[in-house]
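2 protein chains.
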Amino acid sequence: MTDSAEPLSSLRRALGLLRLVGAAEAGGIRLKDLAEQAGCSQPTAHRALQDLAAEGFVEQIGKRYRLALDFFVLAARAGHADGLRDLAKPVLLRLSATLTDTIFLLVRNGYEAVCLDRIEGPFPIRSFTGDIGGKVPLGLGQGSLAILAHLPEAEREAVIRFNVPRLLDRGFLDEAALRVELEKARVQGWVNLNTGLIPGMAGLGVPVFDAQGRAVAALSVGTLADRLRPERLPGVVAILKAEAATLGAMLNPFDTALRHPSRSLSSVA
Amino acid sequence: MTDSAEPLSSLRRALGLLRLVGAAEAGGIRLKDLAEQAGCSQPTAHRALQDLAAEGFVEQIGKRYRLALDFFVLAARAGHADGLRDLAKPVLLRLSATLTDTIFLLVRNGYEAVCLDRIEGPFPIRSFTGDIGGKVPLGLGQGSLAILAHLPEAEREAVIRFNVPRLLDRGFLDEAALRVELEKARVQGWVNLNTGLIPGMAGLGVPVFDAQGRAVAALSVGTLADRLRPERLPGVVAILKAEAATLGAMLNPFDTALRHPSRSLSSVA
DNA sequence: GCAATAAATTTCATATAAAGGAATTTATCA
DNA sequence: TGATAAATTCCTTTATATGAAATTTATTGC
Numbered sequence: 005m006t007d008s009a010e011p012l013s014s015l016r017r018a019l020g021l022l023r024l025v026g027a028a029e030a031g032g033i034r035l036k037d038l039a040e041q042a043g044c045s046q047p048t049a050h051r052a053l054q055d056l057a058a059e060g061f062v063e064q065i066g067k068r069y070r071l072a073l074d075f076f077v078l079a080a081r082a083g084h085a086d087g088l089r090d091l092a093k094p095v096l097l098r099l100s101a102t103l104t105d106t107i108f109l110l111v112r113n114g115y116e117a118v119c120l121d122r123i124e125g126p127f128p129i130r131s132f133t134g135d136i137g138g139k140v141p142l143g144l145g146q147g148s149l150a151i152l153a154h155l156p157e158a159e160r161e162a163v164i165r166f167n168v169p170r171l172l173d174r175g176f177l178d179e180a181a182l183r184v185e186l187e188k189a190r191v192q193g194w195v196n197l198n199t200g201l202i203p204g205m206a207g208l209g210v211p212v213f214d215a216q217g218r219a220v221a222a223l224s225v226g227t228l229a230d231r232l233r234p235e236r237l238p239g240v241v242a243i244l245k246a247e248a249a250t251l252g253a254m255l256n257p258f259d260t261a262l263r264h265p266s267r268s269l270s271s272v273a
Numbered sequence: 005m006t007d008s009a010e011p012l013s014s015l016r017r018a019l020g021l022l023r024l025v026g027a028a029e030a031g032g033i034r035l036k037d038l039a040e041q042a043g044c045s046q047p048t049a050h051r052a053l054q055d056l057a058a059e060g061f062v063e064q065i066g067k068r069y070r071l072a073l074d075f076f077v078l079a080a081r082a083g084h085a086d087g088l089r090d091l092a093k094p095v096l097l098r099l100s101a102t103l104t105d106t107i108f109l110l111v112r113n114g115y116e117a118v119c120l121d122r123i124e125g126p127f128p129i130r131s132f133t134g135d136i137g138g139k140v141p142l143g144l145g146q147g148s149l150a151i152l153a154h155l156p157e158a159e160r161e162a163v164i165r166f167n168v169p170r171l172l173d174r175g176f177l178d179e180a181a182l183r184v185e186l187e188k189a190r191v192q193g194w195v196n197l198n199t200g201l202i203p204g205m206a207g208l209g210v211p212v213f214d215a216q217g218r219a220v221a222a223l224s225v226g227t228l229a230d231r232l233r234p235e236r237l238p239g240v241v242a243i244l245k246a247e248a249a250t251l252g253a254m255l256n257p258f259d260t261a262l263r264h265p266s267r268s269l270s271s272v273a
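If you're matching them up, the sequences are chains W and V in order. Just remember that my numbering sits 4 ahead of the position in the first sequence, which is counted from 1. Just remember that my numbering sits 4 ahead of the position in the second sequence, which is counted from 1.
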């Protein structure tokens, strides 16, 4: 599972360790396993972990290492690309108040969609992204699909090529079905695919376009299937689209942050 | 502002840089400033940043560096100390559904309280912690105060000594007033101090005790002052306390993670 | 639109700090 | 309690990080 010869500098190796600590299950991970998975000696891992701990990035409980809360605090600031999360907050609050359903804000990040924020509605909704900070392959879930559908063709194809196997792994659409859904999404401008994660639940996603007309994010709703029946659906779509437009208009055209997903895309490759 | 001679290893220096990137404002920070603030040469900072970027921790937009979304994704897992956030989710959902107010889950981290999760109610509430991942000095805000009030005396005194100046800086209680509130909180078991962040808003916090009887977290409610008037208040207190008890009972007595705040406490010093 | 300035990279010789084998201590399990 | 395995410390060799200086690239003023 470990790659061939990637982590050259000591720093990158240490960051790899940090990543492994993050990937470990809730109980934490032992030095031995860490060293093994990272492909380095135990003393090396040990000293890196000591430094990581000294800086408050990991904590050592007994002989298990886990990510520290300081790390969590630091990272809370990371979602603020373009201040998107802050910008979107009122939008999410309005949607939540108007619809009384669970609302998601997703952003594209390479081949994935990341849940940047989420406001809970009255029904406990299980989403593909899980909680804030969770991610899904682009194409899985309504908001995620909405973003993918509205990407420029070249990028979209690259993502599809990369993600189709991952979608199949998760028992989702095959390529043909995905393309049908994408086309539908592109035509109607929103996604209503019932992915059947939980029976009786349904979702709805719309893309958010930046000043350059790129689909950089999505707003979506997760609720009971009952609440997206034909008589209510069009209203919800209209509200979502209106808020997506509002949010898009707020994206600073001079900020180039979201304009270069190709960079983060390549970083995933 | 920079410390004297702390970051010796290259790793710690790099982590310091990462921290500085996180502390920078939304637009990102330039290499020059980074190098200056970190107290290292520009080439050194540069290569560290390159590695950080290659591992997906920071991203470089033009000539500014900022925390990358990958970092956000990784750190989302850091809140799961003891799986507390997951454990608490149903509790928060129930509270949110029952009270239809904004609900907070705070955990203690050294001299601070960190907002681990939050469910929005119908009224936009501004809290001291801000959003998820935000932090406040222990003693500021109802939940934070609830934790502080129920700490063992020695720890409580240490925190008070450390935090009083910070509280004063923020125009909050002086030591005498704080001690009055702490005593009140300890006696009645919950905090209802109207901190007056926004007129007309009010909050309520209760401590969450682990199996060892330590106040490791707090549940709190933020709402309109109107909604915490005498006729509704006792009911809300009862519900909050009941859920706090439920949550406390779910904390694994064999997990030692929250039992050693002294460690993280010293790390702040 | 062009010069002047400042910042960002790259290069390179040097010193220093990171690496891992081996030994020691500490914890875990029978 | 004894045996095993992991964690930590020690130490030398090697390799990597470092900052001065140089080069390229961007930014600012005119």
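Note that CB positions come from ideal geometry on N, CA and C, so glycine has one too.
Spatial neighbours of residue i within its chain, please: C-beta separation below 7 Å, excluding the five flanking residues on both sides.
{"i": "glutamate 185/W", "result": "Leu149, Leu177, Leu197"}
{"i": "glycine 31/V", "result": "Arg68"}
{"i": "leucine 172/W", "result": "Asp178"}
{"i": "alanine 27/V", "result": "none"}
{"i": "isoleucine 202/V", "result": "Arg130"}
By the 10 Å Cβ neighbour count, where 16 or more other Cβ atoms means buried, how is residue i classified, buried or exposed?
{"i": "arginine 70/W", "result": "buried"}
{"i": "arginine 81/V", "result": "buried"}
{"i": "alanine 221/V", "result": "buried"}
{"i": "valine 191/V", "result": "exposed"}
{"i": "valine 272/W", "result": "Low per-residue confidence applies at valine 272/W: pLDDT is 33, beneath 50, and the placement is therefore not dependable, though the value from the model is reported in the following sentence. It is exposed - the Cβ of valine 272/W has fewer than 16 other Cβ atoms within 10 Å."}
{"i": "glycine 147/V", "result": "buried"}
{"i": "glutamate 124/V", "result": "buried"}
{"i": "glutamate 235/V", "result": "exposed"}
{"i": "alanine 42/V", "result": "buried"}
{"i": "alanine 261/V", "result": "Residue placement at alanine 261/V is flagged as unreliable, the pLDDT there being 40, under the threshold of 50; the coordinate-derived value follows with that caveat. Under this definition alanine 261/V is a buried residue."}
{"i": "glutamate 157/W", "result": "exposed"}
{"i": "alanine 9/V", "result": "Bear in mind that a pLDDT of 49 at alanine 9/V, under 50, signals an unreliable position, so the number given afterwards is only what the model happens to contain. Per the 10 Å Cβ criterion, exposed."}
{"i": "glutamate 63/V", "result": "buried"}
{"i": "alanine 253/V", "result": "exposed"}
{"i": "alanine 189/V", "result": "buried"}
{"i": "serine 45/W", "result": "exposed"}
{"i": "leucine 208/W", "result": "buried"}
Between residue i and the ligand ZN, is the CB less than 7 Å from at least one heavy atom?
{"i": "alanine 229/W", "result": "Here there are no bound small molecules, and the ligand ZN is not part of this structure."}
Terminal residues of the continuous alpha helix (DSSP H) containing residue i?
{"i": "proline 238/V", "result": "237-254"}
{"i": "glutamine 64/W", "result": "Counting along the chain, glutamine 64/W falls outside any alpha helix (DSSP H), though it belongs to the beta strand (DSSP E) covering 62-65."}
{"i": "aspartate 74/W", "result": "73-79"}
{"i": "serine 14/W", "result": "14-27"}
{"i": "aspartate 55/W", "result": "46-58"}
{"i": "leucine 144/W", "result": "Careful: leucine 144/W lies outside any alpha helix (DSSP H) and carries neither H nor E."}
{"i": "asparagine 198/W", "result": "Careful: asparagine 198/W lies outside any alpha helix (DSSP H) and carries neither H nor E."}
Considering only the beta carbon of each residue, do residue i and residue j sit closer than 8 Å?
{"i": "leucine 255/V", "j": "aspartate 214/V", "result": "yes"}
{"i": "alanine 101/V", "j": "proline 126/W", "result": "yes"}
{"i": "arginine 112/V", "j": "isoleucine 151/V", "result": "yes"}
{"i": "leucine 223/W", "j": "valine 212/W", "result": "yes"}
{"i": "leucine 35/W", "j": "valine 25/W", "result": "no"}
{"i": "alanine 58/W", "j": "alanine 18/W", "result": "no"}
{"i": "serine 14/V", "j": "leucine 182/W", "result": "no"}
{"i": "alanine 92/W", "j": "leucine 251/W", "result": "yes"}
{"i": "leucine 103/W", "j": "valine 240/W", "result": "yes"}
{"i": "leucine 73/W", "j": "leucine 22/W", "result": "no"}
{"i": "valine 210/V", "j": "glycine 193/V", "result": "yes"}
{"i": "alanine 219/V", "j": "leucine 120/V", "result": "no"}
Along the beta strand (DSSP E) that carries residue i, what are the first and last residues, could you check?
{"i": "valine 140/W", "result": "139-141"}
{"i": "glycine 207/W", "result": "205-213"}
{"i": "leucine 228/W", "result": "219-228"}
{"i": "isoleucine 107/W", "result": "106-113"}
{"i": "leucine 120/V", "result": "116-123"}
Who are the near neighbours of residue i in its chain, counting only those whose CB is closer than 6 Å to its CB and skipping five residues on each side?
{"i": "isoleucine 129/V", "result": "Thr106, Gly226"}
{"i": "alanine 206/V", "result": "Asn198, Ala229, Leu232"}
{"i": "phenylalanine 75/V", "result": "Phe61"}
{"i": "aspartate 135/V", "result": "none"}
{"i": "serine 131/W", "result": "Gly226"}
Got a sec? Which residues, its chain only, sit under 8 Å from residue i by beta carbon, not counting five neighbours each side?
{"i": "leucine 237/W", "result": "Asn196, Leu208"}
Under 8 Å, with one C-beta from each stretch per pair, do the segment 116-128 of chain W and the segment 138-152 of chain W reach the 3-pair mark? yes
At a cut of 8 Å, does the segment 94-113 of chain V reach the segment 150-165 of chain W through at least three beta carbon pairs? no
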